[in-house]
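Sequential numbering of the sequence shown, starting at 488, is according to the working numbering. Here's the structure, in structure tokens; my notes come after.
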Amino acid sequence: HILHIPKAPPHVLGLINLRRHSLPLVSLGRLFELSSEQVLDEHRRIVVTAFEQDGERLRVGLVADAVREVLRVPREWVEEVPALLRRDQRMAEISGICRLEDGRRLVSVLSVEKMFAHEGVRDALKASAEMTEEGTMHDESAENETLEEEQFVIFRMLDDEYGVPIQAVKEIVRVPEQL
Numbered sequence: 488h489i490l491h492i493p494k495a496p497p498h499v500l501g502l503i504n505l506r507r508h509s510l511p512l513v514s515l516g517r518l519f520e521l522s523s524e525q526v527l528d529e530h531r532r533i534v535v536t537a538f539e540q541d542g543e544r545l546r547v548g549l550v551a552d553a554v555r556e557v558l559r560v561p562r563e564w565v566e567e568v569p570a571l572l573r574r575d576q577r578m579a580e581i582s583g584i585c586r587l588e589d590g591r592r593l594v595s596v597l598s599v600e601k602m603f604a605h606e607g608v609r610d611a612l613k614a615s616a617e618m619t620e621e622g623t624m625h626d627e628s629a630e631n632e633t634l635e636e637e638q639f640v641i642f643r644m645l646d647d648e649y650g651v652p653i654q655a656v657k658e659i660v661r662v663p664e665q666l
């Protein structure tokens with residue numbers, strides 16, 4: 488069951504109950520203006536991300552078309568966003584570009600913190616915090632990062648690939664057959 492949030496922007500789909508906690512769902516397709524529709528079916532995946540905002544640890548579910556892989560890449564493969572694109576504030580969520588397969592495959596690396604600076608997402612997080620009975624969710628993650636490599640969870644939206652640092656991913660869940 489998705490609880491819709493009044494006056495939420497189109498990319499905030501609402502709240503779901505995941506393991507007795509309220510989890511805001513955000514449509515990446517809508518957030519990045521890639522598509523206006525977001526059909527939730529059993530083929531979609533929810534990438535549960537965690538980040539810190541105003542000293543509080545928060546979680547958000549990112550609805551993706553599919554999760555392709557979890558990938559460990561050398562840090563030198565992750566480059567800065569080209570200067571021309573950095574100037575556009577609407578693209579602030581992209582923190583880097585990862586070149587894979589000798590540059591034949593490009594993955595946009597997302598900054599979870601910057602993605603959720605949007606006012607509509609902050610409102611959903613606030614509503615989620617107010618509705619959660621047990622307060623903030625327990626964080627059971629472990630740091631497994633070396634200095635030379637970084638891990639990303641790569642997912643697909645339409646024909647493009649995106650990745651988030653694995654430290655920001657708490658779990659990947661299938662969209663239930665019935666919400």
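The beta carbon of each residue, even a glycine, is placed where N, CA and C say it ideally should be.
From residue i to residue j, what distance separates their C-alpha atoms?
i: V596; j: R507; result: 30 Å
i: L512; j: L518; result: 11 Å
i: I641; j: V554; result: 6 Å
i: H498; j: M644; result: 14 Å
i: E556; j: V651; result: 11 Å
i: R574; j: V568; result: 10 Å
i: V662; j: E636; result: 31 Å
i: P493; j: R592; result: 39 Å
Provide the residue(s) that pair with residue i in DSSP beta bridges, ordered along the chain.
i: S514; result: V550
i: I653; result: In DSSP, I653 forms no bridge with anything.
i: A537; result: R546
i: V557; result: V640
i: I659; result: V534
i: D647; result: M644
i: I503; result: L510
For residue i versus residue j, is the C-beta distance shorter than 9 Å?
i: L521; j: D647; result: yes
i: V599; j: F538; result: yes
i: L667; j: F639; result: No statement about residue 667 is possible, as the shown extent of the chain runs from 488 to 666 and does not include it.
i: K657; j: R532; result: no
i: N504; j: H488; result: yes
i: L502; j: L515; result: no
i: R601; j: E580; result: In the sequence under discussion, the amino acid at residue 601 is Lys, which differs from the Arg named in the question. Against a cut-off of 9 Å, the Cβ pair of E580 and K601 comes out as a contact.
i: I653; j: V535; result: no
Regarding residue i and the ligand NAD, is the C-beta to nearest heavy atom distance less than 8 Å?
i: M578; result: Ligands in the displayed structure: none, and consequently the ligand NAD is not present.
Touching or not, the region 560-574 and the region 539-546, by the rule of three or more beta carbon pairs under 8 Å?
-> no
Specify whether the region 548-557 and the region 580-590 touch according to this definition: at least 3 beta carbon pairs, one from each stretch, less than 8 Å apart.
-> no
Mind listing, in chain order, the continuous beta strand (DSSP E) runs of no fewer than 3 residues lying wholly within the region 570-611?
-> 581-587, 592-597
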